[in-house]
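*Asks:* Under UniProt numbering, think of the first position of the sequence shown as 1, with each following residue one higher. Okay, here's the structure, questions in a sec.
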Amino acid sequence: MGGPGESGDQAPDHKDIQDLRERKMTGATVWLTGLPSAGKTTIAYALAERLRDEGHRVEVLDGDEIREFLSAGLGFSRADRDTNVQRIGFVAELLASNGVKALVPVIAPYADSREAVRKRHQREGTPYLEIHVATPVEVCSERDVKGLYAKQAAGEISGLTGVDDPYEQPESPDLRIASHTQTVQESAAALYALLTERGLA
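Here you go:
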């Protein structure tokens with residue numbers, strides 16, 4: 001029999017509660033990079049739902065919405081793509097520095113552009129995670145969520161990332177997700193586990 005005040009299910013102590021509260025209030029940018037139709041946005045929204053359910057403040061910076069409202073007028077030249085990525089990186093860091101988990105499912109095809117975003121976060125002392133959704137182009141073209149691969153094959157568009165425009169894979173991402181070998185929920189769970197490991201969830 002246990003001593004006075006002992007029980008099998010002990011309530012969490014004040015330190016544990018405070019730690020959990022701090023994890024929920026700590027912002028971070030989670031950038032999911034990968035080819036078109038790799039599954040970036042789907043994974044981001046699955047993770048966002050779980051984080052919100054647990055009390056985190058979350059925003060998903062969807063690439064298509066950013067193009068429409070923040071980067072209208074930009075094309076798909078390298079310079080314009082870089083500008084778009086830096087704008088998104090600025091907004092993400094601003095959100096993250098104010099306690100929001102900013103999930104960014106955006107291709108960001110060029111390594112130097114992604115590195116500039118990482119350095120911005122480092123200068124500001126804001127947590128930043130780079131996630132490579134490493135779905136092979138063959139799988140992405142079969143999914144072809146937006147019909148881009150079909151249009152490129154038909155000659156209707158050019159400059160499709162990973163086909164006739166370069167995609168520079170991250171050499172050392174914080175996490176590499178093979179979304180074609182697991183479910184969306186498994187991919188989101190792997191990302192959640194990384195956030196937990198880093199003290200962010």
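Note that beta-carbon positions come from the ideal geometry of N, C-alpha and C, so glycine has one too. A quick note: this is a predicted structure, and the numbers were derived from the prediction, not measured.
1) With residue 139 and residue 43 assumed to form a contact (beta carbons below 8 Å), what rounded beta-carbon distance in angstroms separates them?
2) Find the nearest neighbour of residue 33 within the set 189, 201, 195, 178, judged by alpha-carbon distance.
3) Name the residue from 40, 55, 37, 28 whose alpha carbon lies nearest to the alpha carbon of residue 21.
4) Does residue 134 pass the burial test, meaning 16 or more other C-beta atoms within 10 Å, or should it be called exposed?
5) Using C-beta distances below 6 Å, list every residue in its chain close to residue 31, excluding the 5 sequence neighbours before and after it, in chain order.
6) Put residue 195 into one of helix, strand or coil per three-state DSSP.
7) Return the first residue and the last residue of the beta strand (DSSP E) that residue 129 is part of.
8) Tell me whether residue 107 sits in a helix, a strand or coil according to DSSP, three-state version.
9) Based on the DSSP secondary-structure assignment, which residues constitute the bridge partners of residue 29?
10) To the nearest angstrom, how far is it from the Cα of residue 137 to the Cα of residue 200?
11) Compute the Euclidean distance between the alpha carbons of residue 24 and residue 164, then round it to the nearest angstrom.
12) Give the list of continuous beta strand (DSSP E) stretches no shorter than 3 residues that lie fully inside the segment 34 to 77.
13) Tell me whether residue 181 sits in a helix, a strand or coil according to DSSP, three-state version.
14) Quick test of the definition: if touching needs 3 or more C-beta pairs under 8 Å, does the segment 81 to 95 touch the segment 166 to 180?
15) For residue 40, count neighbouring Cβ atoms within 10 angstroms of its own Cβ and tell me buried if that reaches 16, exposed if not.
16) Rounded to whole angstroms, what is the Cα-Cα separation between residue 143 and residue 67?
17) If distances are taken between C-alpha atoms only, which option among 29, 65, 38, 45 comes closest to residue 181?
18) With 16 other CB atoms within 10 Å as the buried threshold, where does residue 196 fall?
19) Quick one: give me the first and last residue of the alpha helix (DSSP H) that residue 152 is part of.
*Replies:* Let me spell this out:
1) With 8 Å as the limit, residue 139 and residue 43 do not qualify as a contact, their Cβ atoms being about 14 Å apart.
2) 178
3) 55
4) buried
5) 104, 130
6) helix
7) 128 to 133
8) Note: residue 107 maps to coil in three-state DSSP.
9) Its beta-bridge partners are 102, 128.
10) 31 Å
11) Taking the straight line from one Cα to the other gives about 42 Å.
12) List check, beta strand (DSSP E) in window: 58 to 60.
13) helix
14) no
15) By the C-beta density criterion, residue 40 is buried, having at least 16 other C-beta atoms within 10 angstroms.
16) 22 Å
17) 38
18) Classification for residue 196: exposed.
19) Element bounds for residue 152: 148 to 153.
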